[in-house]
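Residue numbers (the working numbering), protein chains in the order written: chain A, 1 to 455; chain B, 1001 to 1342.
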């Protein structure tokens, strides 16, 4: 037995007093009895409500916005436009060095997706804010829109980005690349070439609690923001940057979220609600409706993945080439980062000596995609695992066996040149087969992730 | 027509932590006058139970009862920085930060106890029930409340600790894609059993049986909760959910739960799972992470099971009844059934 394996076994046998015990969760009773306080439960005297004027078209030029009828609505307090936002064009990943700034808090002269915020209206009640929004007259010139990732990359597609392309640029490259071994040589040696294209559609996070915050001016000149963000400091720091206020002016409170799934790591409600609180001197609530959550808030991106595999008669995959397109929608948000994670995982948990990956982050006139549970790995797992079944079917092998034969082991090199350290794919497959009563052949049962059996 | 049955499998990996690292989390711990330990964070609980598992990790390292540990989160004025709850990172990152802070606080606690019991700190241990005792003579002990009172009012000593964890940010080679995208990898294998109604195109998921390997489980009930919740979410993604039902067309975008279909409790399949524990090298007590992955493997397992049932390989999701009915038109299995009937 290897040293690592015995170390793992020693660690497995370690005894604990509290870790490993199913102690009841402390917030469980509050959650199931409806007593937990969520952001929408928070209210202050004199609190105003904010609603967005949104683009009714997928792509267009803003010629004029007329607020005159909206201002007449009883309870109307004020409007905020891009001119009110100190640093209106932002990108949330600037904090980890991803740029350039490219998304407006409020649209300037162009809209890139249906639902894009154009102006914010603050009113005494939610109803008054909605009524005022409905009376804003938009004069827009509609432009051709593009919704398909491959259409968006064609030379005649409408260009959505100021830098002149409809894709994110990765250190001078038009996609995130992975190059490992020689994929063409692998294809030449392979007994089978197996190709397929896999598609996924955009998905909404569908949290129980919609995205929301309340921003409240404090007597000491600071602002407290109650929010259901998944990342408190990330949201606060981005808010301070957008509003160009000292970080110490802001105080964010949160920590209890009614479902996140990645949908609450965009910085969407806090900057504009805090700005509204600054401009009015009153607490302001901005809460997404369910319709906004579905039609406007970020989705999981849709993906299209072209697979080409070179496979030997004995089941070994010796070459894999994948061209992937992530539909980022109109703006970056977290998608450029998700594409990099995708590139690291699209070869799957299998050891393949020759791998070639081009993963594109593509812009379309769709509501922006962003982070979601599985962040670029979900589509990868989907495509890889469907492809494994297709390979098994094509070469006439059992779907379990094809996975065992190719499963990565500790010490193997992955296509992104990281050595596998803690593989247990073979172990979970053995356990799952046992659970469902599927009898695995002896040669598969002998395998494990720590050492390769001698040939 | 007929009801066709099929099974499908999927085996997946899932990386822990923000891609490429560079995502720190901190924790501060202090004891109150009466021996309650407050762990200050700015981390967020999404409903997965972070506040509970972090208290367990803190109690374990401090050597005090779980009931003596409070989690104070998330307030940017009082809680130190946390990158956020995403990327299956919170238990791993925050847990490591808490262990570091708790070790420092435990050291201070044992030093005060050593003065009270007139022994060396090295001779002391905790019983996890609220006492610090002399190794080898457990009757020589001091309870945590007396100890904290003495620390505050007799010795003027703070029982506190600071902790931080970061996996340093690593670059990607733009030419080859060489990178270090994860701290550790968890694994799962899911077996789905489905029944397809060839008349309506509807899929009934009969069972989702899975084996997970997630490193050390801090709280098995909460891990089980993630597995069940993820299985249901994955099933919903495989069969129903999308904001663009005719993608890439943007038409017919749903705006409410009457149009954006999520299955109800009556559609919950039989869910069964086993959990293997191979502790990770760098996670707190060997934790890996189980946050995101449980919704991943069910999707291809279900799609593979439907492909297996109807004899046509499906290559996209969600596989709505409309898509299945269109696929069935190409199904040799269904043609055979129709011919047998006529």
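All C-beta atoms in this analysis are idealised placements derived from N, C-alpha and C, irrespective of residue type, glycine included.
Excluding sequence positions up to five before and after residue 302 of chain A, its CB lies within less than 7 Å of the CB of 200, 201, 202 and 327, all in the same chain and listed in chain order. Under the three-state reduction of DSSP output, residue 224 of chain A falls in the strand class. For the C-beta of residue 400 of chain A, the chain B residues within less than 8 Å are, from N- to C-terminus, 1009.
Proximity of chain B to residue 252 of chain A at the Cβ level (cut-off 9 Å) is accounted for by 1042, 1074, 1075, 1076 and 1077, in chain order. Counting the other Cβ atoms within 10 Å of the Cβ of residue 120 of chain A gives 16 or more, which makes it buried. Within chain B, no residue has its beta carbon less than 8 Å from that of residue 448 of chain A; the closest one is some 11 Å off. No Cβ-Cβ contact shorter than 7 Å links residue 1158 of chain B with residue 1099 of chain B. Chain-ordered listing is empty here: chain B has no CB closer than 7 Å to the CB of residue 161 of chain A, the nearest sitting near 19 Å.
In this structure, residue 1081 of chain B lies away from residue 234 of chain A, with their beta-carbon atoms at least 7 Å apart. For the C-beta of residue 117 of chain A, not a single chain B residue is nearer than 9 Å; the gap to the nearest is close to 17 Å.
Note on residue 193 of chain A: under 16 other CB atoms within 10 angstroms of its CB, so exposed under the neighbour-count rule. Interface with chain B (7 Å Cβ-Cβ cutoff): residue 171 of chain A is included. Within chain B, 1012, 1013, 1014, 1015, 1292, 1293 and 1296 have C-beta atoms less than 9 Å from the C-beta of residue 377 of chain A, given in sequence order. The residue from B:1070, B:1102, B:1204 and B:1180 with its alpha-carbon nearest to that of residue 1264 of chain B is B:1204. When only Cα atoms are considered, residue 1206 of chain B and residue 1076 of chain B end up about 46 Å apart.
As a beta-bridge residue in DSSP terms, residue 303 of chain A pairs with A:200 and A:326. Per DSSP, the unbroken alpha helix (DSSP H) holding residue 1103 of chain B starts and ends at 1090-1117.
Contact of residue 133 of chain A with chain B is not assigned, every C-beta pair being separated by 7 Å or more.
For residue 129 of chain A, the enclosing alpha helix (DSSP H) begins and ends at 126-134. Between residue 153 of chain A and residue 1271 of chain B, the alpha-carbon positions lie close to 43 Å from each other. Considering only beta carbons, the part of the region 1239-1266 of chain B lying closer than 8 Å to chain A consists of 1241, 1242, 1243, 1244, 1245, 1247, 1248, 1249, 1250, 1253, 1254, 1255, 1256, 1257, 1260 and 1262, in chain order.
Nearest C-alpha to residue 1085 of chain B among A:183, A:265, A:97 and A:149: A:265.
Taking 7 Å as the threshold, the shortest C-beta distance from residue 1323 of chain B to chain A does not fall below it. Residue-level contact by beta carbon fails for residue 68 of chain A and chain B, as no gap is shorter than 7 Å. In the assembly as shown, residue 389 of chain A is a buried residue. Its beta-carbon has 16 or more other beta-carbons within 10 Å. Taking 7 Å as the CB threshold, residue 1098 of chain B stays off the interface with chain A. In the structure shown, residue 1264 of chain B adopts coil according to DSSP, grouped into three states. For residue 199 of chain A, the neighbours in chain B by C-beta distance under 7 Å run, in chain order, 1315 and 1316. Taking a beta-carbon distance threshold of 7 Å, residue 1068 of chain B does not count as an interface residue toward chain A. Residue 1201 of chain B and residue 1238 of chain B have their C-alpha atoms roughly 14 Å apart.
Fewer than three pairs of CB atoms, one per stretch, sit closer than 8 Å, so the region 408-422 of chain A makes no contact with the region 1320-1334 of chain B.
Runs of alpha helix (DSSP H) with 4 or more residues, each lying fully within the region 359-404 of chain A, are found at 377-395, listed in chain order. Taking 7 Å as the threshold, the shortest C-beta distance from residue 1122 of chain B to chain A does not fall below it. In the DSSP annotation of this structure, residue 1332 of chain B is not part of any beta strand (DSSP E); the continuous alpha helix (DSSP H) holding it starts and ends at 1332-1341. Contact annotation: the region 373-393 of chain A touches the region 1003-1018 of chain B, with at least three C-beta pairs closer than 8 Å. With 16 or more other Cβ atoms inside 10 Å of its own Cβ, residue 177 of chain A counts as buried.
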